[in-house]
Amino acid sequence: EPLKGAHLTVTSKSFTEQLILGAIMGIAFEAAGAEVIDRTGIQGSIGSREAVRKGDADAGYEYTGTAWITYLGNSKPIPDPREQWEAVRKDDARNGVTWLQPAELNNTYALAMNQENAKKYGTKTLSDVAKLAKSDPGAASLCVEVEFANRADGLPGMQRAYGMNVPARDITQMDTGIIYTQAAKGSCTYGEVYTTDGRINSMNLAVMDDDKKFFPNYNAAPMINTKTLKEWPAIAGVLDPVTARLDNAVARKLNAKVDVDGEDPHQVARDWMVEEGFVE
Ligand code: PBE
């Protein structure tokens, strides 16, 4: 029990994949003998990030691209996922935050549409969407989250990178979960989605290719408060083998159990940890 005696606070953002990853981390810590305080489900990205930075929380899974652009203020993504992670790890050290080994899991933003609209407009890439917005004003309406609408690696940056000029009247802001249904119904032509979300498949949405590679890699990795890690260096050995099992296929499968089948994120996390042999 390498973490016996440790009290570890785990945080996450509020969307499904984050709740599952937070639960997975908590279960891994518990299995290693720690007592876990669950502070998962914080609204918006900044909340869980700041909790780890300030030491109000000890750890959480975060995405490399989110840190690189939104927290560390860089404007250009690093195309190689490993180099992106290394750059984040190096840069974030000065904030008292340590990044452990990353997962293959890469949950990036995308625009997606229903099959009827895909047939009608024929767009396959974000460049096509930019062209449609120009040639057929009003056709390229967007449903997006508030956070996406305000992030440099979100709507403003995407519109700039693609010369996409969707006017404000064609953009509706809404909660994460609702966007999938709205895009499926066609109340917006395009919905902003997460590529590992289970509802892309279940609702048969067509995902637009990021042909200019605007979005960075968003590999999930444990983000740990450095003081905590110094006190409990065994955390790395506990989380590394778990993180190594997380890829896009796993994320889609687990996310779908919650968002499509209605299962509980904690239960989904536990079942997976058992299946993978990390707990009994
Ligand atoms: N992402 C896509 C966002 C939400 C999903 C991973 C880039 C983030 O949590 O930062």
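Here the sequence shown stands for residues 3 to 282, where the numbers follow our numbering.
Beta carbons are placed, not taken as given, at the ideal position from N, Cα and C, and that holds for glycine.
A quick note: this is a predicted structure, and the numbers were derived from the prediction, not measured.
Discussion item. Excluding the 5 residues flanking R41 on each side, which residues of the same chain have their C-beta closer than 6 Å to its C-beta?
Written reply: Position 39 of the sequence shown, counted from the start, is the residue given in the question as residue 41. So the list reads T11, T13, A59, once near-sequence residues are dropped.
Discussion item. Please determine whether the Cβ atom of T245 lies at a distance below 7 Å from any heavy atom of the ligand PBE.
Written reply: Translated into the one-based positions of the sequence shown, residue 245 becomes position 243. Flag unset: Cβ of T245 not near the ligand PBE.
Discussion item. DSSP three-state label for T174, please.
Written reply: Counting from one through the sequence shown, the residue named residue 174 turns up at place 172. Strand at T174.
Practice prompt. Name the two residues that bound the continuous beta strand (DSSP E) containing R41.
Written response: On the sequence shown, position 39 is the one that residue 41 refers to. Looking at the DSSP string, the run of the beta strand (DSSP E) that includes R41 is 37-44.
Discussion item. Assuming the contact rule is C-beta atoms closer than 8 Å, I29 and A271 should be a hit. Round their C-beta distance to whole Å, please.
Written reply: Locating residue 29 in the sequence shown gives position 27, where the first residue counts as 1. Locating residue 271 in the sequence shown gives position 269, where the first residue counts as 1. At roughly 6 Å, the Cβ-Cβ gap stays under 8 Å, so I29 and A271 are in contact.
Worksheet item: Taking the Cβ atom as the reference point for each residue, do V240 and P4 lie within a distance shorter than 8 Å?
Response: Here residue 240 corresponds to residue number 238 of the sequence shown, with the count starting at 1. Here residue 4 corresponds to residue number 2 of the sequence shown, with the count starting at 1. Yes, the Cβ-Cβ distance between V240 and P4 is below 8 Å.
Discussion item. For G193, list the residues DSSP reports as bridge partners.
Written reply: Sequence index remark: in the sequence shown, residue 193 carries index 191 (1-based). According to DSSP, which records beta bridges pairwise, G193 is partnered with A114, C145.
Discussion item. Checking 8 Å against the spacing of the C-beta atoms, do Y111 and A132 come in under that value?
Written reply: For the purposes of this step, residue 111 is taken as residue 109 along the sequence shown, with counting starting at 1. For the purposes of this step, residue 132 is taken as residue 130 along the sequence shown, with counting starting at 1. Contact flag unset, no.
Worksheet item: Measuring from the CB of Y111, is there a heavy atom of the ligand PBE at a distance below 7 Å?
Response: Numbered from 1 along the sequence shown, position 109 holds the residue referred to as residue 111. Yes.
Item to complete: Closer than 6 Å by C-beta to Q103: which residues in its own chain qualify, once you throw out the five before and the five after it? Chain order, please.
Response: Taking the sequence shown and counting its residues from 1, the one referred to as residue 103 is at position 101. So the qualifying residues of the chain are D242, T245.
Discussion item. Quick check: the Cα distance between A142 and T178, rounded to an integer number of angstroms?
Written reply: As a working mapping, residue 142 is identified with position 140 in the sequence shown. As a working mapping, residue 178 is identified with position 176 in the sequence shown. Those two C-alpha atoms are separated by around 19 Å.
Worksheet item: Does any heavy atom of the ligand PBE sit closer than 7 Å to the C-beta of Y196?
Response: As a first step, residue 196 must be located in the sequence shown, where it is residue number 194. Yes, Cβ of Y196 sits closer than 7 Å to a heavy atom of the ligand PBE.
Worksheet item: Cα separation between N109 and S137?
Response: Indexing the sequence shown from 1 puts residue 109 at position 107. Indexing the sequence shown from 1 puts residue 137 at position 135. Going by the C-alpha atoms only, they are around 31 Å apart.
Worksheet item: Who pairs with H9 in a beta bridge, going by DSSP?
Response: Numbered from its first residue, the sequence shown carries residue 9 at position 7. Beta-bridge pairing links H9 to E37.
Worksheet item: Of the residues G264, L128, N227, H9, which one's Cα is nearest the Cα of R96?
Response: Within the sequence shown, numbered from 1, the residue matching residue 96 stands at position 94. When only C-alpha atoms are compared, the closest one is N227.
Worksheet item: Is there at least one non-hydrogen atom of the ligand PBE closer than 7 Å to the beta-carbon of G67?
Response: Taking the sequence shown and counting its residues from 1, one reaches residue 67 at position 65. Correct: G67 has its Cβ closer than 7 Å to the ligand PBE.
Practice prompt. Please work out which residues of its chain come closer than 6 Å, Cβ to Cβ, to Q20, disregarding the five sequence neighbours upstream and downstream, and give them in chain order.
Written response: Translated into positions along the sequence shown, residue 20 becomes position 18. Same-chain partners within the cutoff: S14.
Practice prompt. Name the two residues that bound the continuous alpha helix (DSSP H) containing M225.
Written response: Numbered from 1 along the sequence shown, position 223 holds the residue referred to as residue 225. Segment 222-227 is the beta strand (DSSP E) holding M225; no alpha helix (DSSP H) there.
Item to complete: Measuring alpha carbon to alpha carbon, tell me which of T18, V146, S16, L23 ends up nearest M275.
Response: Here residue 275 is taken as the residue at index 273 of the sequence shown, counted from 1. Nearest of T18, V146, S16, L23 to M275, Cα basis: L23.
Practice prompt. Give the DSSP-derived three-state secondary structure of N261 in the structure shown.
Written response: Within the sequence shown, the letter at position 259 stands for residue 261. Before going further, note that residue 261 is Asp rather than Asn in the sequence given. Helix at D261.
Practice prompt. May I have the straight-line CA-CA distance separating M166 from A135, to the nearest angstrom?
Written response: Within the sequence shown, the letter at position 164 stands for residue 166. Within the sequence shown, the letter at position 133 stands for residue 135. Taking the CA atoms as reference points, M166 sits about 7 Å from A135.
Worksheet item: By DSSP, does D211 sit in helix, in strand, or in coil?
Response: What you label residue 211 is simply residue 209 of the sequence shown in a count that begins at 1. In this structure, D211 counts as strand in the three-state DSSP scheme.
Practice prompt. Entirely within the region 13-98 and at least 3 residues each: give me those beta strand (DSSP E) ranges in chain order.
Written response: Counting only runs of 3 or more residues that sit fully inside the region 13-98, the beta strand (DSSP E) segments are 37-44, 61-65, in chain order.
Worksheet entry | Spatial neighbours of N116 in its chain, beta-carbon cut-off 8 Å, leaving aside the 5 residues before and after | For the purposes of this step, residue 116 is taken as the residue at position 114 of the sequence shown. Result list for N116: A185, A186, K187, G188, M205, N206, L207, A208, in chain order.
Worksheet item: Mind checking G62: buried by the 16 CB within 10 Å criterion, or exposed?
Response: Counting from one through the sequence shown, the residue named residue 62 turns up at place 60. By the neighbour-count rule (16 or more Cβ atoms within 10 Å), G62 is buried.
Worksheet item: Ordered along the chain, which non-local residues of its own chain (more than five positions away) have a Cβ less than 6 Å from that of H9?
Response: Position 7 of the sequence shown, counted from the first residue, corresponds to residue 9. Closer than 6 Å at Cβ, skipping near neighbours: E37.
Practice prompt. Give the DSSP bridge partners of T100, in chain order.
Written response: On the sequence shown, residue 100 is found 98 positions in, with the first residue counted as 1. Paired residues: I226.
Discussion item. Is it buried or exposed, I39, if we count other Cβ atoms within 10 angstroms and call 16 or more buried?
Written reply: Residue numbering aside, residue 39 sits at position 37 when the sequence shown is read from its first letter. The residue is exposed, with fewer than 16 neighbouring Cβ atoms inside 10 Å.
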